[in-house]
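Residue numbers (numbering that gives the first Met the number 0): 0 to 629.
For each residue, glycine too, the CB sits at the ideal point set by N, CA and C.
Only a predicted model underlies this, so the values are computations on that prediction, with no experimental measurement involved.
Worksheet for the structure shown next.
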Amino acid sequence: MKKTVMLMSFLFAFFGACVEERVNGPELHQTIGIHNISLPQDVLEWIDPMSVYPFTGSECIECQWYFCPPLDSVWQKQICVDYCADPPLLMHEGECAQYLECDPNQYLIEEVQCITIDGFPGLQSKVCNKGQIQYTDCVTDCQEETCNYEDDDCDDYIDEGQLNECNTCGVVPPEVCNGIDDDCNGFTDESLIQMCGTVCGSGFEICEKGNWVSCTAPTPGEEICDGFDNNCNGQIDEGLECVCSIQDVGVLFPCQESPLKCGLGYKTCECIDETCKTFTMTDCLAMCFWVPPDPPEICDPHVGIELSEEDCNNFDDNCNGEIDEDLYSACYTGPEGTLNIGICEPGIMTCDSGIWGNYNQDGTFVDYYCEGEVVPDEEICNGVDDDCDGVIDWGGELKDTDILFIVDWSGSMVDEINAVMIALNQFAQKFSEEEAIKWSFVRGPVGTPPYYFEELILQQNLTGFSDYLAALSAMGLNVSGMSTSFEMILDAIYLSVHNITTVLPYPISSLNWTGAVNVFPLKVKESTPPIKDFKINWRNGADKIIIVFSDEYPQSYMIPTITTEIIQDTVAGVPQLKLYTFSRFSHKAGWEKMALAGNGEWYNLTSNPTEMYANLISILNDMCTGAKDE
């Protein structure tokens with residue numbers, strides 16, 4: 000510190016005149032004076048005094064670089080001072096020289112990568128400003144991820160954390176009464192109740208199979224002489240002669256008013272004088288012989304029975320004019336001990352005429368029909384306890400498995416492709432929560448009219464379920480309209496396994512599409528990505544499954560040609576690989592040979608999604624490390 004104070008005092012005294020001669024320039028140059036210039040350490044290094052002058056006793060001499068006039072750009076000179084002298088002694092003063100970090104005639108030096116304050120990758124410009132290197136602000140097109148099927152935040156993931164339970168953007172749709180599972184929770188029209196009404200008042204109704212039913216609002220009746228507005232038109236006993244006559248004496252009139260508590264009662268017309276010139280109605284009294292047999296409560300012959308909550312007994316317990324209305328009960332018909340274990344869940348029954356049951360699709364009431372229940376199913380390898388025995392997948396775990404679907408996307412397969420895509424979606428949903436499984440999808444040929452550039456496309460490399468589903472959604476369920484017999488599925492299999500086998504007769508670098516058809520309106524075949532980059536990102540140590548769908552015989556449009564025999568030898572030489580093929584029965588021979596060589600199986604290609612799904616499920620029953628309990 001002492002050395003520094005001495006040195007700075009000396010320099011201020013020595014260079015006082017220099018400071019006064021400063022020219023107008025940038026504020027930095029005007030204020031910094033002869034102080035040590037602020038430059039990168041690798042540019043301004045301390046100078047060994049002995050390298051400039053052969054002073055003896057060099058511990059006392061120190062050399063530094065300092066600003067100096069004219070200061071209209073960066074100028075510097077070397078100063079060497081003996082700080083052992085008192086006062087410090089100037090030993091050497093170099094010449095002022097211009098110092099530039101960069102060429103002032105060049106503004107843009109280069110574009111460099113950077114990270115914004117929000118953490119997004121971007122670019123900034125490295126520029127030369129008056130001989131000094133400066134950097135512009137970091138600019139990026141990336142932004143916070145939103146649900147739009149695009150990678151907004153540039154992290155190579157699409158809509159991560161944005162898709163709802165229905166695998167769509169936005170808020171989960173509310174459940175409405177339409178017979179559809181709108182909120183994607185596995186239940187249809189559940190817990191839907193709304194107000195309903197008639198001219199007599201309001202009530203509630205429930206949704207069943209897409210229709211609003213069982214409105215509890217009172218309904219208009221026929222007007223009778225009872226002092227009530229039976230037809231709910233705002234008038235009481237209108238159009239009726241309610242004065243008793245001699246002809247009415249002894250006649251029973253149905254009634255439900257006070258003091259009757261429940262059920263149907265009666266009142267009569269009686270004379271109130273000896274000559275029967277004046278008449279009156281008696282009170283409304285119960286007629287207990289009218290009450291249904293074995294009523295839930297004892298009936299008072301004068302007032303009827305006490306009101307109670309409605310019960311499933313074919314009786315109007317709450318005396319609202321309806322029998323067994325709005326009664327629901329949980330139900331389960333599966334084996335004892337399986338309820339709420341695994342997939343097993345209770346259903347619901349309603350009451351009709353004293354019997355529990357439910358309505359089927361045609362509206363017929365079926366006794367003891369438990370709607371919506373889930374009972375034990377056959378155990379399959381899917382990470383779920385299907386048979387509700389408390390053990391998932393027979394006690395095993397899902398193996399790490401890579402699944403590649405190769406689909407012939409030609410117009411001749413419209414019905415089959417629709418069935419395949421529906422089955423694939425069901426199949427993938429079954430295993431959507433399993434991180435052990437990765438999904439990939441290849442399709443071909445595809446093309447765009449009027450000139451069909453037949454193309455093999457790696458639609459989605461191996462990824463998690465959400466990205467796989469997004470790729471399928473982006474394609475839709477309909478084919479491009481191409482209708483040709485020039486299918487490239489053998490080429491697709493060869494390209495898909497070339498990076499996991501040494502059994503290759505032709506290296507990838509030797510293959511090309513130049514020998515493909517070029518007949519109007521067809522153009523030369525190609526692939527996306529190109530052949531040299533076309534490979535599946537198979538995981539080391541994972542089981543590998545390839546599932547092929549095609550309605551044509553096996554074909555290749557590469558040079559050299561890929562044959563079925565080459566595919567048989569190639570897939571047989573890949574450890575942990577199984578090849579399954581779906582084709583029409585007329586093309587079974589070639590496809591079955593390849594499947595058997597790949598330790599797989601051949602299946603008949605149909606337009607039935609249910610059959611497709613069942614076959615896909617059977618393929619993966621050996622993915623579990625545990626053995627099936629026979």
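Handout entry: Cutoff 6 Å; reference A571; Cβ partners in own chain excluding five residues on either side
Key = If you number the sequence shown from 1, residue 571 lands on position 572. Around A571: A596.
Practice task
Note down the Cα distance separating E159 from L306, rounded to an integer number of angstroms.
Solution key: Here residue 159 corresponds to residue number 160 of the sequence shown, with the count starting at 1. Here residue 306 corresponds to residue number 307 of the sequence shown, with the count starting at 1. For the pair E159 and L306, the Cα-to-Cα distance works out to about 57 Å.
Problem - Bounding residues of the alpha helix (DSSP H) (the contiguous stretch that carries N614) - result: Looking up residue 614 in the sequence shown gives position 615. 608-618 is the extent of the alpha helix (DSSP H) around N614.
Practice task
Take R442 as the anchor and find which of T500, F464, P528 has the nearest alpha-carbon.
Solution key: Taking the sequence shown and counting its residues from 1, one reaches residue 442 at position 443. Comparing Cα positions, the closest option is P528.
Problem - Contact set for N460: own chain, Cβ-Cβ below 7 Å, skip 5 residues either direction - result: In the sequence shown, residue 460 corresponds to position 461, counting from 1. Same-chain partners within the cutoff: S439, I535, N536.
Handout entry: Proximity of E454 and S526 at Cβ, strictly below 8 Å
Key = To locate residue 454, count along the sequence shown from 1; it is residue 455. To locate residue 526, count along the sequence shown from 1; it is residue 527. Closer than 8 Å, so yes.
Problem - 7 Å Cβ shell around G220 - same chain, five flanking residues per side excluded - result: The count along the sequence shown starts at 1 and reaches residue 220 at position 221. Cβ neighbours of G220 beyond the five flanking positions: N229, N230.
Problem - Sheet register partners of M487 (DSSP bridge) - result: The sequence position of residue 487 within the sequence shown is 488, counting from 1. In the DSSP output, where bridge partners are listed per residue, M487 has none listed.
Practice task
Can you give me the Cβ contacts of G121 inside the same chain, cut-off strictly under 6 Å, excluding the 5 residues immediately before and after it?
Solution key: Here the question's residue 121 lines up with position 122 in the sequence shown. Counting only Cβ-Cβ distances below 6 Å, and skipping sequence neighbours, we find C113, T115, C137, V138, T139.
Exercise for the section: Could you check if E377 is buried or exposed, using at least 16 other CB atoms within 10 Å of its CB as the buried criterion? Expected result: For the purposes of this step, residue 377 is taken as the residue at position 378 of the sequence shown. A residue is called buried when at least 16 other Cβ atoms come within 10 angstroms of its Cβ; E377 does not meet this threshold and is exposed.
Handout entry: P120 - partner residues in DSSP beta bridges
Key = As a first step, residue 120 is located in the sequence shown; it is residue number 121 there, counting from the start. Answer is I114.
Practice task
Say whether the segment 316-332 touches the segment 340-354, bearing in mind that this needs 3 or more beta-carbon pairs closer than 8 Å, one atom from each stretch.
Solution key: yes
Problem - For E415 and A613, the rounded distance between their alpha carbons - result: Along the sequence shown, one-based indexing puts residue 613 at 614. Along the sequence shown, one-based indexing puts residue 415 at 416. Near 15 Å, if we compare the C-alpha coordinates of E415 and A613.
Problem - Cβ neighbours of C127 in the same chain (closer than 7 Å, five flanking residues each side left out) - result: Here residue 127 refers to the residue found at position 128 when the sequence shown is read from its first residue. Cβ neighbours of C127 beyond the five flanking positions: C101, D102, P103, Q105, Y106, I108.
Practice task
Give the C-beta separation of C183 and V171 to the nearest angstrom, bearing in mind that I take them to be a contact with Cβ-Cβ under 8 Å.
Solution key: Reading the sequence shown from its first residue, position 184 is the one you call residue 183. Reading the sequence shown from its first residue, position 172 is the one you call residue 171. Between V171 and C183 the Cβ distance is about 7 Å, and since that is below 8 Å, they are a contact.
Problem - Contact the segment 536-551 vs the segment 563-580: 3+ CB pairs below 8 Å - result: yes
Problem - Reference W64; option with closest CA among C95, L489, A216, C261 - result: Reading the sequence shown from its first residue, position 65 is the one you call residue 64. Out of C95, L489, A216, C261, C95 has the C-alpha closest to the C-alpha of W64.
Handout entry: Residue environment, D315, which counts as buried when at least 16 other CB atoms sit within 10 Å
Key = Walking along the sequence shown from the start, residue 315 turns up at place 316. By the 10 Å Cβ count, D315 comes out buried.
Exercise for the section: Decide if the segment 186-197 is in contact with the segment 207-214; the criterion is three or more beta carbon pairs, one per stretch, under 8 Å apart. Expected result: These segments touch.
Handout entry: Complete beta strand (DSSP E) runs within the segment 533-588 (minimum length 3 residues, chain order)
Key = Taking only runs of at least 3 residues, the beta strand (DSSP E) segments lying wholly in the segment 533-588 are 542-548, 576-582.
Problem - Assigned exposure category for F404 - 16 Cβ within 10 Å defines buried - result: Translated into positions along the sequence shown, residue 404 becomes position 405. Label assigned to F404: buried.
Handout entry: Alpha carbon of V383 to alpha carbon of G200, nearest angstrom
Key = Mapped onto the sequence shown, residue 383 falls at position 384. Mapped onto the sequence shown, residue 200 falls at position 201. So the alpha carbons of these two residues sit roughly 49 Å apart.
Practice task
Can you tell me which of the three DSSP states L468 falls into?
Solution key: The residue you call residue 468 lines up with position 469 of the sequence shown. In the structure shown, the three-state DSSP call for L468 is helix.
Problem - Nearest-angstrom Cα separation, counted from I205 out to T274 - result: In the sequence shown, counting from the first residue as 1, residue 274 sits at position 275. In the sequence shown, counting from the first residue as 1, residue 205 sits at position 206. Their Cα atoms are separated by approximately 57 Å.
Exercise for the section: Could you name the residues of the same chain whose beta carbon sits closer than 6 Å to that of Y331, not counting the 5 residues immediately before and after it, in chain order? Expected result: As a first step, residue 331 must be located in the sequence shown, where it is residue number 332. L338, P345, E372, listed in sequence order.
Problem - Cβ-based burial, S509 [other Cβ within 10 Å; buried from 16] - result: In the sequence shown, counting from the first residue as 1, residue 509 sits at position 510. Flag for S509 reads exposed.
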